[in-house]
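Visitor: Mind looking over this structure? Questions follow.
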Amino acid sequence: MQKTFLILLFSFFIVSCSTATSYTKPENIKATKQWGVVEVKETVKSMSHSLSVYYKTELKTGYFEWRPLQNSTSEHIDTKLITNEILNQLTKDKVPFVDTSVRADATKEIAFGKTGMVSSDSRLAVGKFKSPSHQIKGEINEVVNYESGNKIQYITVTLFLVSLETNQIVWSEQTNFLKKSRVEGYGF
Numbered sequence: 000m001q002k003t004f005l006i007l008l009f010s011f012f013i014v015s016c017s018t019a020t021s022y023t024k025p026e027n028i029k030a031t032k033q034w035g036v037v038e039v040k041e042t043v044k045s046m047s048h049s050l051s052v053y054y055k056t057e058l059k060t061g062y063f064e065w066r067p068l069q070n071s072t073s074e075h076i077d078t079k080l081i082t083n084e085i086l087n088q089l090t091k092d093k094v095p096f097v098d099t100s101v102r103a104d105a106t107k108e109i110a111f112g113k114t115g116m117v118s119s120d121s122r123l124a125v126g127k128f129k130s131p132s133h134q135i136k137g138e139i140n141e142v143v144n145y146e147s148g149n150k151i152q153y154i155t156v157t158l159f160l161v162s163l164e165t166n167q168i169v170w171s172e173q174t175n176f177l178k179k180s181r182v183e184g185y186g187f
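Under numbering that gives the first Met the number 0, the first residue of the sequence shown is numbered 0, with each subsequent residue one higher.
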């Protein structure tokens, strides 16, 4: 009897200490009421492909710089996640980017290299910075309606590529989502 009790107690400990976390591939995730994996993956896929094709067929030269996405929706959306995934995909597709936010640090390092305290084989050279020829900027917007106990949400993610030389928008792309979800307690 005591052995059975100890076995049951031990089994209970193992089951209660086990984790309820599991992993799955992002492609297998279903849509949720909130902004999630489905929307991020679809946005990244369509935007990065379209911009990569535009760069390779129309521009062929120049450097891009990214501006933060503006989230104008009622949902918390991690815009940096979207940005990083698009940048990652475009970089894999050999679309060149510059990060002007590191210029101050690089300038200090170049100045330090001129003091003679840095070996010549690792000293940063003057005149090697690249300037962006285009900026990517974008917005996430929504329209929300409630109808017969359902929340109907139309979300648009829009990216623009702007020529810094002419201020002309030379490319834009939009990904749209129409989400319908049941609202609990609607009508009370």
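Glycine is no exception: its CB is placed at the ideal position from the N, C-alpha and C atoms.
Write down every uninterrupted run of the alpha helix (DSSP H) in the region 45–119 whose length is 4 residues or greater and which is fully enclosed by it, in chain order.
Guide: 78–91, 102–112
Visitor: To the nearest whole angstrom, what separates the beta carbons of isoleucine 154 and lysine 178, a pair I think is in contact under 8 Å?
Guide: Position 155 of the sequence shown, counted from the start, is the residue given in the question as residue 154. Position 179 of the sequence shown, counted from the start, is the residue given in the question as residue 178. Their Cβ separation, rounded to whole angstroms, is 7 Å, which keeps isoleucine 154 and lysine 178 in contact under 8 Å.
Visitor: When we look at the beta-carbon of phenylalanine 63 and count the other beta-carbons within 10 Å, is it buried (16 or more) or exposed?
Guide: As a working note, residue 63 is residue 64 in the sequence shown. Answer is buried; the Cβ neighbour count reaches 16.
Visitor: Do glutamate 141 and glutamate 183 have their C-beta atoms within less than 9 Å of each other?
Guide: Translated into the one-based positions of the sequence shown, residue 141 becomes position 142. Translated into the one-based positions of the sequence shown, residue 183 becomes position 184. No, these two residues do not count as a Cβ contact at 9 Å.
Visitor: Less than 9 Å between the beta carbons of leucine 50 and valine 101, yes or no?
Guide: Stepping through the sequence shown from its first residue, residue 50 is reached at position 51. Stepping through the sequence shown from its first residue, residue 101 is reached at position 102. No, Cβ-Cβ distance for leucine 50 and valine 101 is not below 9 Å.
Visitor: Exposed or buried, which one is isoleucine 168 when buried takes at least 16 other CB atoms within 10 Å?
Guide: Walking along the sequence shown from the start, residue 168 turns up at place 169. Exposed, by the Cβ-count rule.
Visitor: Is threonine 174 helix, strand or coil by DSSP?
Guide: Locating residue 174 in the sequence shown gives position 175, where the first residue counts as 1. DSSP places threonine 174 in strand when its eight states are reduced to three.
Visitor: Helix, strand or coil, according to DSSP, for glutamate 183 in the structure here?
Guide: On the sequence shown, position 184 is the one that residue 183 refers to. Residue state, collapsed to three classes: coil.
Visitor: Counting only beta-carbon atoms, is valine 37 nearer than 9 Å to chain B?
Guide: No chain B is present in this structure, which holds just one protein chain.
Visitor: Assuming contact is defined by CB atoms lying nearer than 9 Å, are leucine 123 and alanine 105 in contact in what I supplied?
Guide: Numbered from its first residue, the sequence shown carries residue 123 at position 124. Numbered from its first residue, the sequence shown carries residue 105 at position 106. Yes, the Cβ-Cβ distance between leucine 123 and alanine 105 is below 9 Å.
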